[in-house]
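Below: the structure, in structure tokens.
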Amino acid sequence: NLPAQPFAGAGEIWDSGKDAFWGLLLIVIILGGIYGGVFTPTEAAAVAAVYAFFVALFVYRDMGPLKEKRWRHDGEGLIVAILRNISLTLIYFVPGMFHRDTKHTLVEAGKVTLMLMFIIANALLFAHVLTTERIPQMITETIIAAGMSWWMFLIVVNLLLLAGGQFMEPSGLLLIVAPIVFPIAIELGIDPIHLGIIMVVNMEIGMITPPVGLNLFVTSSITKMSLIEVVRAATPWMLILFVFLILITYIAPISTFLPNLMFGPEIVN
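Set out below in structure tokens:
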């Protein structure tokens, strides 16, 4: 429980906005690049990673040879500070690429990437087997023959994703489940956008659900809290997400109103 703090004033909001500018610019680069046709979503991820690396190294200075070096010393003129920081960036640009923090970051990122690639490779093989053996079509025919309605099917989808999200990484789970549930949803008349939003919210809940919720471990590492403490603190927010999941599952316009308004209804042939 944190005590309520008095309003810090517009100046604090302005200072916080300036500090967050380079991080917020990442969103502009990603969405602007995708919608502007500059790069694909996959390429946007690579651009974002490179941008975030340079911002962390030379702007926020959270890592690398410039870590904890101030942008401006007390009493230092603005022009002098700008020239000094430009000089430091040029001097430490190449050494920063090979700094121990950079190596550690690349190794940790490589571990996560290898894990994801292994999951994705096996998920793609699984999806290929499903397609060649016509398993989704068989499941669809069975469900329709059993008379399952769309709302009953969405209950099954939610339970499946919530259970799987406790033990699997979201992208791998999505690659495995999507080829199965998508044909069934289309046959039952469920809007693809509606189904996609439901799956995304389930993935979000999975990210804060033990034992494999990635965000729980990230938060524990940043805050230096135990995993149990983080789970306890995240529980109220997880309950809110459950309520939101129920709402978007059975009130489809929440998910489809804005896309339909801007781009028209989704048509699947």
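So the sequence shown is residues 65 to 333, counted in this note's numbering. In this text, a Cβ means the ideal position worked out from N, Cα and C, and glycines have one as well.
7 Å Cβ shell around Leu280 - same chain, five flanking residues per side excluded: Ile272, Pro274, Leu291, Val294, Val295, Ala298
Whole-angstrom distance between Asp138 and Val265, CA atom to CA atom: 47 Å
Backbone secondary structure at Tyr156 - three-state DSSP: helix
Proximity of Ile261 and Ser213 at Cβ, strictly below 8 Å: no
Ser235 in three-state terms, based on DSSP: helix
Between the CA atoms of Val111 and Ala56 - distance to the nearest angstrom: Given a span of 65 to 333 for the chain in the structure shown, any question on residue 56 remains unanswerable.
Residues near Pro159 by beta carbon distance below 7 Å, same chain, minus five either side: Pro129
Alpha-carbon spacing of Val114 relative to Ala120, whole angstroms: 10 Å
Distance between Leu89 and Glu132 (C-alpha atoms, nearest Å): 22 Å
Whole-Å CB distance - Leu178 paired with Ser235, under 8 Å assumed: Between Ser235 and Leu178 the Cβ distance is about 14 Å, and since that is not below 8 Å, they are no contact.
Distance, Thr106 Cα to His163 Cα: 27 Å
For Ile248 and Leu194, believed in contact at Cβ under 8 Å, the rounded distance: That belief does not hold up - the Cβ atoms of Leu194 and Ile248 are roughly 12 Å apart, past 8 Å.
Residue environment, Asn222, which counts as buried when at least 16 other CB atoms sit within 10 Å: buried
Range covered by the alpha helix (DSSP H) that runs through Trp78: 74-99
Three-state secondary structure (DSSP) of Met179: helix
As assigned by DSSP and simplified to three states, the class of Arg134: coil
Which of helix, strand or coil DSSP assigns to Asp126: coil
Beta-carbon gap between Phe103 and Gly97 smaller than 8 Å: yes
Exposed unless 16 or more other CB atoms sit within 10 angstroms - verdict on Met326: exposed
Contact check, Ile269 vs Leu309, beta carbons under 8 Å: yes
Rounded straight-line distance, which links the Cα of Phe231 to that of Thr196: 27 Å
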